[in-house]
Amino acid sequence: MSVDDTPRLLIPEMRELIYSLESELSAVCAYHVGLPGRYDVAPAGRGGGKHIRASFTVLCAEATGGSAADALGGALAVEFVHNASLIHDDIMDGDPERRGRPAVWRRFGVPMAILAGDALLGLAFEALARWDRAGETAIHDLARTVRRLCDGQSSDLCHDVLSGRSMSDYLRMIEGKTGVLLGLACRLGAMASAGPPAWLDKFEQFGVHLGVAFQLVDDTLGIWGDPALTGKPHGSDLRGRKKSAPVLAALAANNIHSRRLAELLARGVGDDDLGYCAELIASAGGRRWVRLETRRRVEAAWDSLARVDMDPMVRDELVKLVDFLVTREW
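Residue numbers (the working numbering): -16 to 313.
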């Protein structure tokens, strides 16, 4: 199945579940994911997202001998969890926009946004219970992943912008905050087929490495990305003095550019400082380090599947999806 076919599989079932919610909550959730509804008053970016995680679930099912239909429950579950985390992340980070329009909390208020995120988490378990044939094992894996996502987010919140944090700490944090959900997406896909049980851990590790790579690319876009493509305000990470991977790598280089960057972050980054700050990060080596680590993570992901015999056409689709993941410009 082509990655471009994922929305056709997913959206009708997402629509059914979201529209089953209470009217106001349903409308808010529909607004967030980009479905037509009462509050869909502006375009939802690129159709509410690319359904990357769901695409990995489907392709991993096919890679292990299953079908897209077998993977439907897992694909829906990871999409609902992902969208719930986006709503809650925007609240915690104070980001006013998502996909080029007001974030849910900004449009409907924080209380309704919290409820909408919680509702989507509930729909994730409902979808997995309704469509997935793996039963209690899949539900357990989903619950474990939600817990680990919360652990990762908690770790992030516990380090304010001026506190010390090593790169190894940061990588562990983004593995929990981002990597484990893509790991679950791939694991649920493999679980939906009749593949050997030993493959489950391999596919999960494949996804975890790619999830970290995904976040590293996001960190880069948070500094150098085009707001028209990312859907986020220009320089929001720098204004908030967020110690993302490029910043940490630049500071760790301990050169003249690092020291100037540290001074700038300590006093605060204004609109007039954004270009200079980004230049210092690149000059100190932060951007290059992230590119190299992203490449290393992708290689480690493919190493996880080195002994998995899969259909060449499915592998080609996975290669395309991985390439999109690490070369995207939005």
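Think of the CB as a built atom: it goes at the ideal place given N, C-alpha and C, for glycine as much as any other residue.
Note that the coordinates shown come from a computational prediction; the quantities given were computed from them, not determined experimentally.
| Complete alpha helix (DSSP H) runs within the region 86 to 118 (minimum length 4 residues, chain order) | The region 86 to 118 is shown to contain whole alpha helix (DSSP H) runs of 4 or more residues at 87 to 91, 93 to 114, in chain order.
| said: On the DSSP bridge list, what partners appear for Glu7? | reply: Paired residue(s): none; Glu7 is not in a bridge.
| query | Using the C-alpha atoms, what's the distance from Ala177 back to Glu314? | reply | Since the displayed the chain opens at -16 and closes at 313, residue 314 lies outside it and no answer follows.
| query | Taking C-beta to C-beta, are Phe189 and Leu308 nearer than 7 Å? | reply | With respect to Leu308, Phe189 sits apart: the two C-beta atoms are not nearer than 7 Å.
| CA-CA distance, Arg311 and Gly49? | Spanning the two alpha carbons is a distance of roughly 28 Å.
| query | By a C-beta neighbour count over all protein chains shown, 10 Å radius and 16 as the cutoff for buried, is Arg290 buried or exposed? | reply | Taking every protein chain shown into account, the CB of Arg290 has fewer than 16 other CB atoms within 10 angstroms, so this residue is exposed.
| query | Alpha carbon to alpha carbon, what distance is there between Gly162 and Thr40? | reply | Going from the Cα of Thr40 to the Cα of Gly162 covers about 14 Å.
| field | Spatial neighbours of Glu(-1) in its chain, beta-carbon cut-off 7 Å, leaving aside the 5 residues before and after | value | When the five nearest sequence neighbours on each side are left out, no beta carbon in the same chain lies closer than 7 Å to the beta carbon of Glu(-1).
| Can you give the Cα-Cα distance for Ile(-6) and Glu5, rounded to whole angstroms? | Rounded to the nearest whole angstrom, the C-alpha separation of Ile(-6) and Glu5 is 19 Å.
| According to DSSP, residues forming a beta bridge with Glu80 | DSSP lists Pro85 as partners of Glu80.
| said: As a quick exercise: from Pro180, Pro229, Ile239, pick the residue whose alpha carbon is nearest that of Thr47. | reply: Taking only the C-alpha atoms, the option nearest Thr47 is Pro180.
| Among Lys226, Leu248, Ala99, Met174, which residue has its Cα nearest to the Cα of Ala58? | Ranked by how close their Cα comes to the Cα of Ala58, the residues Lys226, Leu248, Ala99, Met174 have Met174 in first place.
| Can you tell me the Cα-Cα spacing of Tyr14 and Ala284, whole angstroms? | One Cα belongs to Tyr14, the other to Ala284, and the distance between them is close to 34 Å.
| request: Could you tell me whether the region 261 to 274 touches the region 223 to 242, where touching means 3 or more Cβ pairs closer than 8 Å? | output: Contact holds: three or more Cβ-Cβ distances are below 8 Å.
| task | May I have the straight-line CA-CA distance separating Thr(-11) from Ala168, to the nearest angstrom? | result | Cα to Cα, Thr(-11) sits roughly 14 Å from Ala168.
| query | Hey, Arg36 and Val61 are a contact pair by Cβ (cut 8 Å); roughly how many whole angstroms apart? | reply | 4 Å between Cβ atoms; contact.
| query | Does the separation of the CB atoms of Gly194 and Leu111 fall below 7 Å? | reply | For Gly194 and Leu111, no; Cβs fall outside 7 Å.
| task | Thinking Val273 and Ala236 are a contact (beta carbons under 8 Å), I'd like their distance in whole angstroms, please. | result | About 12 Å; that fails the 8 Å criterion.
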